[in-house]
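Peer 1: Per my numbering, the sequence shown runs over residues 29 to 419.
Where is the CB? At the ideal position from N, CA and C, for every residue including glycine.
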Amino acid sequence: MHFCGIMVWSISVSPKIDIFALIIFLGTMQGFFLSIFFLSKNNRQYRPNKFLGLFLISVSLISLDILLSYTDFMFRVIYFVNETEPFNFLLGPLIYLYIATKLYEQNERKAWLHFLPAIFYFVYMHIFEDYSYAEKYNAHISAYHPEMESMISQGAEPQDPLFLRKFINELTILSMLFYSALSIYRLVSTRQKESPDQKRKKLYSLLWFDISIFTFILLIVIFVKINYRNDLGDYIIISAVAVFIYMLSFLIVRNSVFFQKSQYDRKYSKSALDEGMKDQILAKLQHILISEKLYRNSSVSLLYLAKRTHCTPNHLSQIINERLQKTLPELLADYRIADAQKILMDPGYASETIEGIALAVGYNSKSTFNKVFKKITGQTPSQFRLTSTKK
29 MHFCGIMVWS ISVSPKIDIF ALIIFLGTMQ GFFLSIFFLS KNNRQYRPNK FLGLFLISVS
89 LISLDILLSY TDFMFRVIYF VNETEPFNFL LGPLIYLYIA TKLYEQNERK AWLHFLPAIF
149 YFVYMHIFED YSYAEKYNAH ISAYHPEMES MISQGAEPQD PLFLRKFINE LTILSMLFYS
209 ALSIYRLVST RQKESPDQKR KKLYSLLWFD ISIFTFILLI VIFVKINYRN DLGDYIIISA
269 VAVFIYMLSF LIVRNSVFFQ KSQYDRKYSK SALDEGMKDQ ILAKLQHILI SEKLYRNSSV
329 SLLYLAKRTH CTPNHLSQII NERLQKTLPE LLADYRIADA QKILMDPGYA SETIEGIALA
389 VGYNSKSTFN KVFKKITGQT PSQFRLTSTK K
């Protein structure tokens with residue numbers, strides 16, 4: 029085995045540095061940077077960011093593998109060969125979970141099930157893989173340097189009883205196809221059940237864009253695998269992924285909270301309210317909403333509440349936005365749903381219908397009540413009542 033190691037290092041392979049290597053390198057580094065951004069303490073509280081961050085880590089590790097192979101630096105870290113293969117089976121699930129949680133704004137049930145193929149493949153490859161230097165070397169040159177002579181391995185032949193490693197490319201494409209189709213199905217079926225407002229329509233447009241990018245990359249993968257032998261065309265795939273990462277970086281900068289804050293400050297730059305007045309008005313608003321249960325009035329308006337708190341509608345809207353980071357409808361929804369939860373948990377109201385509770389807390393429509401309730405709590409009113417009575 030030691031003799032084999034000497035043979036490997038005696039082969040001189042000059043690093044390959046060109047425009048593709050530069051694109052892949054920058055894309056890889058940017059991918060790692062963005063993953064840190066999305067998984068930071070504040071950003072990961074928003075669940076879709078967690079899945080997007082994990083997706084970027086997976087893509088960046090695969091990209092690093094391809095970068096090392098393309099530039100021939102892999103000869104210096106030969107034991108890294110094929111170690112990123114399990115991440116292939118995380119790409120589809122993570123994009124799907126990102127879209128699903130962003131669409132429903134709640135946790136996806138049994139999300140861990142989507143990671144089982146990647147876990148199974150990881151265990152499988154490490155049970156049957158030959159970790160000898162010679163086998164790693166041979167695996168690398170068969171994919172990227174078929175013109176080079178392979179080494180004689182003194183160990184046992186690597187095993188692949190289920191042929192998973194032999195068909196890793198086909199299985200990766202099938203996984204990505206399945207999750208692309210599943211994402212499209214969830215998006216279309218949810219859209220058909222709703223009458224979305226302008227904000228919701230914008231969300232649908234953004235999600236369609238995300239799916240389109242993922243599907244476009246999938247088509248590139250299929251094209252490359254059909255037209256290139258082994259892994260020789262992977263640099264094309266990962267270059268396209270790098271472009272996607274650059275686009276994502278641009279969108280983040282464009283929609284940065286920093287710039288939003290600047291616009292927000294300009295919006296209220298002429299406001300005559302000082303901080304003390306804002307606190308007083310907010311306290312007054314919260315007092316009358318709770319003590320008089322004004323949120324139960326389905327026709328309560330910004331104009332009416334502004335009169336009750338002795339300020340202008342614009343100032344009241346400003347205070348709610350600044351202090352609570354909400355709009356008035358969102359604030360009213362919080363009060364109404366909290367009230368509804370108390371009623372649903374009260375045994376004295378066990379015979380009350382869902383529609384009756386909806387009317388009682390300020391909703392004229394049962395369907396609207398159900399939609400808002402599920403958005404805030406992650407359950408329908410009926411599900412919430414059932415689980416609360418079991419406790």
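If I follow the unbroken alpha helix (DSSP H) through T200, where does it start and stop?
Peer 2: For the purposes of this step, residue 200 is taken as the residue at position 172 of the sequence shown. Residues 196–221.
Peer 1: If you count every other CB in all the chains shown that lies within 10 Å of the CB of N77, and 16 or more means buried, which is it?
Peer 2: One-based indexing of the sequence shown puts residue 77 at position 49. Burial call: buried.
Peer 1: Let me know the secondary structure DSSP gives V302 once reduced to three states.
Peer 2: Taking the first residue of the sequence shown as 1, we reach residue 302 at position 274. A quick correction: the sequence has Asp, not Val, at residue 302. Of the three classes helix, strand and coil, the one that applies to D302 here is coil, per DSSP.
Peer 1: State yes or no: is the C-beta of I318 nearer than 7 Å to some heavy atom of the ligand SAM?
Peer 2: The ligand SAM is not part of the structure shown, which contains no ligands of any sort.
Peer 1: Would DSSP call V285 helix, strand or coil?
Peer 2: Position 257 of the sequence shown holds residue 285. With a pLDDT of only 47 at V285, under the threshold of 50, the placement of this residue in the model should not be trusted; the figure read from the coordinates follows. Helix.
Peer 1: In whole angstroms, what separates the C-alpha of F108 from that of K306?
Peer 2: Position 80 of the sequence shown, counted from the first residue, corresponds to residue 108. Position 278 of the sequence shown, counted from the first residue, corresponds to residue 306. The alpha-carbon atoms of F108 and K306 are separated by roughly 59 Å.
Peer 1: For K312, which of L301, S329, L344, V328 has the nearest alpha-carbon?
Peer 2: Residue 312 sits at position 284 when you count from the first residue of the sequence shown. If you compare the alpha carbons of L301, S329, L344, V328 with that of K312, the shortest gap goes to L344.
Peer 1: Residues in its own chain within less than 8 Å of R324 by CB, not counting five upstream and five downstream?
Peer 2: Here residue 324 refers to the residue found at position 296 when the sequence shown is read from its first residue. Correct list, in chain order: R364, D367, A388, V389, G390.
Peer 1: Output yes or no for whether 8 Å exceeds the beta carbon distance between E212 and I239.
Peer 2: Numbered from 1 along the sequence shown, position 184 holds the residue referred to as residue 212. Numbered from 1 along the sequence shown, position 211 holds the residue referred to as residue 239. Note that residue 212 is Ile in the sequence shown, not Glu. Yes; because the gap between Cβ atoms is below 8 Å, this pair is in contact.
Peer 1: Let me know if M275 comes out buried or exposed under the rule of 16 or more other beta-carbons within 10 Å of its beta-carbon.
Peer 2: Here residue 275 refers to the residue found at position 247 when the sequence shown is read from its first residue. Exposed: under 16 other Cβ atoms inside 10 Å.
Peer 1: With V20 and V269 assumed to form a contact (beta carbons below 8 Å), what rounded beta-carbon distance in angstroms separates them?
Peer 2: No answer is possible for residue 20: it lies beyond the span of the chain, which begins at 29 and ends at 419.
Peer 1: In chain order, what residues of the same chain lie with their CB nearer than 7 Å to the CB of A167, ignoring the 5 residues before and after it?
Peer 2: Along the sequence shown, one-based indexing puts residue 167 at 139. By the criterion of a C-beta distance shorter than 7 Å, A167 is surrounded in its chain by V109, N110, once the five residues flanking it on both sides are discounted.
Peer 1: Indicate the three-state DSSP secondary structure (helix, strand or coil) for R137 in the structure shown.
Peer 2: The residue you call residue 137 lines up with position 109 of the sequence shown. Coil, per DSSP.
Peer 1: Report, in whole angstroms, the separation of the C-beta atoms of T408 and N398, which I expect to be a contact under 8 Å.
Peer 2: As a working mapping, residue 408 is identified with position 380 in the sequence shown. As a working mapping, residue 398 is identified with position 370 in the sequence shown. 6 Å between Cβ atoms; contact.
Peer 1: Taking contact to mean 3 or more Cβ pairs, one atom from each stretch, closer than 8 Å, check whether the segment 90–107 and the segment 42–54 are in contact.
Peer 2: With a cut-off of 8 Å, the segment 42–54 and the segment 90–107 count as touching, because enough Cβ pairs lie within range.
Peer 1: Report all residues from its chain with a CB closer than 7 Å to the CB of Y377; omit the five preceding and five following residues, and keep chain order.
Peer 2: For this step, residue 377 is matched to residue 349 along the sequence shown. Answer for Y377: I371, listed in chain order.
Peer 1: What would DSSP say about R228, mapped onto helix, strand or coil?
Peer 2: In the sequence shown, the residue the question calls residue 228 occupies position 200. Of the three classes helix, strand and coil, the one that applies to R228 here is helix, per DSSP.
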